[in-house]
Amino acid sequence: MTLSLKEGRGKKALEDLAVDHRLARRLPLGFVKRYRVIPLRRENNTILVGMGAKEADPQVIDDLKVIYGMKIRPCYMDEETLNLIIASVYYKEREEASEIVEDLKKKEPSLSIREEVRDLLETREEGPVIALVNSLVSEAVRKRASDIHIEPFDKDVRVRYRIDGVLYNSLILPKNLLPNISSRVKVMASLDVAEKRIPQDGKIRVKVGGRDIDIRVSIIPTFLGERVVLRILNREDIMLDLEELGLGEDELKRYSRLITRDHGLILVTGPTGAGKTTTLYASLSRINSPDKNIITIEDPVEYQLEGIGQIQVNPKVGLTFARGLRHVLRQDPDIIMVGEIRDRETAEIAVHASLTGHLVFSTLHTNDAAGAITRLLDMGIEPYLVASSLIGILAQRLVRVLCQYCKRPFYCRVLNPALFKEYGKGSKIVKKGEGEEFIVLYRNGRCDHCFRTGYLGRTGIFELLVVNDRIRRLIVQRVDSKTIREEAVRGGMITLRKSGYRKILQGLTTREEVMRVTEIEE
């Protein structure tokens with residue numbers, strides 16, 4: 064009879080169960096995943112084994128007795144807890160990567176090619192360089208990193224992870240490992256291993272802990288050796304609902320109305336890494352329905368959207384944004400998404416498409432919403448065409464969210480009651496002293512949950528410029544972006560920095576974080 068564990072789920076469950084990792088790792092991961100069992104700890108002469116099945120398989124119990132040479136006590140646990148324990152036991156920790164490096168110093172590393180997509184957590188017996196690269200990727204996924212930088216210097220190779228938009232040092236490797244590391248990455252990405260003179264780009268698809276992970280690879284030659292950057296695309300992270308992006312209530316309502324229009328041009332602006340693609344995907348998912356024909360042109364296609372036709376740009380064969388957009392217009396689309404407007408030709412086709420009954424989404428690299436208008440004019444688009452086609456611009460940034468486990472409260476006097484009333488919805492007010500009002504804000508701490516960064520995850524701050532008749536008149540007059548911005552603010556637009564203030568007053572982030580990502584002086 065299988066007993067049942069009553070511990071709670073999540074990290075608390077792992078702490079309460081006191082799993083002996085060294086004992087558990089004696090069991091191959093393939094066996095663990097196939098039979099959904101995990102040894103937890105030794106109790107006298109008995110091994111306590113967690114199982115995903117309520118009734119233990121006698122054959123599995125017999126196998127475990129042979130492996131451990133002890134009695135086996137099976138106990139049932141829910142799938143979520145079981146998966147968490149498996150990931151924690153078989154994940155290659157940073158210390159293991161260091162151990163691999165030490166082994167590599169003692170012997171010549173070997174390389175092997177893996178044709179099939181396998182779970183990186185199952186490759187413990189591969190060659191040392193393979194194990195090292197897999198360990199770096201696994202650790203990056205666990206730490207929620209978006210990029211891995213492998214950078215050659217004069218005497219060593221440094222590994223850095225970009226977590227929540229900020230780079231952190233992770234590991235220092237011997238310089239002689241760089242050729243084998245870059246060769247291993249090239250093998251995984253199906254690149255030319257012998258070519259070291261020119262840049263190469265590729266893709267890798269792997270599994271980490273049962274999750275599908277896509278990796279974009281960029282390798283460039285430098286004076287000190289090849290520099291490798293791996294962009295991690297976690298499919299589970301990129302698909303969000305509009306409500307999860309961080310839009311305020313007013314902005315969400317207005318933006319939701321814009322994306323249901325039957326024609327017009329909607330632009331999402333911001334620097335690289337600001338979450339523009341995630342916003343566009345969330346927008347298309349919201350309006351996607353069987354009665355609409357939606358086609359996208361992207362570089363690259365980061366996530367496959369069900370029910371939507373997606374085209375990937377391929378300059379090598381002449382498939383540019385402009386050329387692809389021309390052909391898309393012959394496919395009778397209702398909604399078109401152009402990954403980025405990079406030149407005048409693409410801008411002209413997108414504008415004319417929006418004027419002929421299509422709803423067009425695209426992105427631009429500008430600092431704020433008003434700057435997108437002047438960028439289109441600078442590209443050579445006629446002012447009357449911009450004024451007629453453009454219906455809305457959403458500028459955005461990503462700010463790091465304070466770690467809920469270690470953020471520390473402090474009191475701040477309310478110096479501007481009017482500003483607080485406008486932006487402090489949901490904040491906590493405390494009266495201290497002679498009737499003075501203080502607000503409870505938070506600063507970042509340090510804990511293991513956030514890897515001692517003080518932040519855990521990111522959210523968006525936005526400014527939404529809805530193009531009305533007053534804005535259109537200014538566009539036709541070719542006024543500067545500052546004038547357009549001032550008019551939009553008078554019309555109710557919340558700026559990026561003030562959107563950030565809201566997040567501060569809600570206890571989600573810090574003033575330093577908002578100032579870091581908002582370059583525009585108010």
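Residues 64 to 585 in our numbering are what the sequence shown lists, from first letter to last. Here a beta-carbon is modelled for each residue, glycine too, at the ideal position from N, C-alpha and C. Given the structure is predicted, the values throughout are model-derived calculations rather than measurements.
Rounded straight-line distance, which links the Cα of L321 to that of V423: One C-alpha to the other measures close to 11 Å.
Three-state class that DSSP yields for I547 in the structure shown: If DSSP states are grouped into helix, strand and coil, I547 belongs with the helices.
DSSP beta-bridge partners of F424: DSSP lists I329, M400 as the beta-bridge partner residues of F424.
Cα-Cα separation, R225 to I213: Their Cα atoms are separated by approximately 12 Å.
From V331, L343, S352, I412, residue whose alpha carbon lies closest to that of A435: Measuring C-alpha to C-alpha distances from A435 to each of V331, L343, S352, I412 identifies V331 as the nearest.
Close-in-space but distant-in-sequence residues of the same chain around G570 (CB under 6 Å, 5 per side omitted): Around G570, the same chain offers Y505 as residues with beta carbons nearer than 6 Å, after the five sequence neighbours per side are excluded.
C-beta atoms of I357 and D397 nearer than 8 Å: Yes, the pair counts as a contact, with Cβ atoms nearer than the cut-off.
Spatial distance of L388 from G523 (CA atoms): Rounded to the nearest angstrom, the two C-alpha atoms are 29 Å apart.
Rounded Cβ spacing between D409 and A385 (contact assumed at less than 8 Å): For the sequence presented, residue 409 should be read as Thr rather than Asp. Contact holds; Cβ gap of about 5 Å.
CA nearest to the CA of E202, picked from F216, D217, V222: When each option's Cα is compared against that of E202, the closest is V222.
6 Å Cβ shell around V291 - same chain, five flanking residues per side excluded: Result list for V291: I213, S245, V248, I282, in chain order.
N- and C-terminal bounds of the beta strand (DSSP E) containing N232: Note, N232: beta strand (DSSP E), 229-237.
Proximity to I135 [Cα-Cα], best of I101, T342, T429, Q540: Answer by Cα proximity: I101.
For A150 and H415, the rounded distance between their alpha carbons: Rounded to whole angstroms, H415 to A150 spans 51 Å at the Cα level.
Residue range of the unbroken beta strand (DSSP E) whose run includes P215: For P215, the uninterrupted beta strand (DSSP E) segment begins and ends at 208-215.
Buried/exposed call for L519, threshold 16 Cβ in 10 Å: It is buried - the Cβ of L519 has at least 16 other Cβ atoms within 10 Å.
Span of the beta strand (DSSP E), counted from its first residue to its last, around A458: 453-465 is the extent of the beta strand (DSSP E) around A458.
Residue span of the alpha helix (DSSP H) that contains L321, given as start and end: Annotation for L321: the continuous alpha helix (DSSP H) segment containing it runs 312-321.
Within 8 Å, strictly: CB atoms of R476 and G443: Not in contact: R476 and G443 (Cβ atoms no closer than 8 Å).
Alpha-carbon spacing of T558 relative to I295, whole angstroms: Computed Cα separation, rounded: 31 Å.
Chain B within 8 Å of E445, Cβ atoms only: No chain B is part of this structure, which consists of one protein chain only.
DSSP-derived helix/strand/coil call for Y57: No answer is possible for residue 57: it lies beyond the span of the chain, which begins at 64 and ends at 585.
Candidates R560, D304, V200: closest to L343 by CA position: When each option's Cα is compared against that of L343, the closest is D304.
Selection from I124, D120, R99 that minimises the alpha carbon distance to T109: That would be I124, whose Cα lies nearest to the Cα of T109.
Classification of N232 by the beta-carbon crowding that lies within 10 angstroms, buried from 16 upward: Around the CB of N232, fewer than 16 other CB atoms lie within 10 Å, so the residue is classed as exposed.
Three-state class that DSSP yields for N107 in the structure shown: N107 falls in the coil class under three-state DSSP.
Close beta carbons around L310, own chain, < 6 Å, minus the five adjacent residues each side: Excluding positions up to five away in sequence, the list reads F525.
Distance, R536 Cα to V380 Cα: Taking C-alpha positions only, V380 is separated from R536 by approximately 42 Å.
Rounded straight-line distance, which links the Cα of M140 to that of D83: Straight-line Cα distance between these residues: approximately 17 Å.
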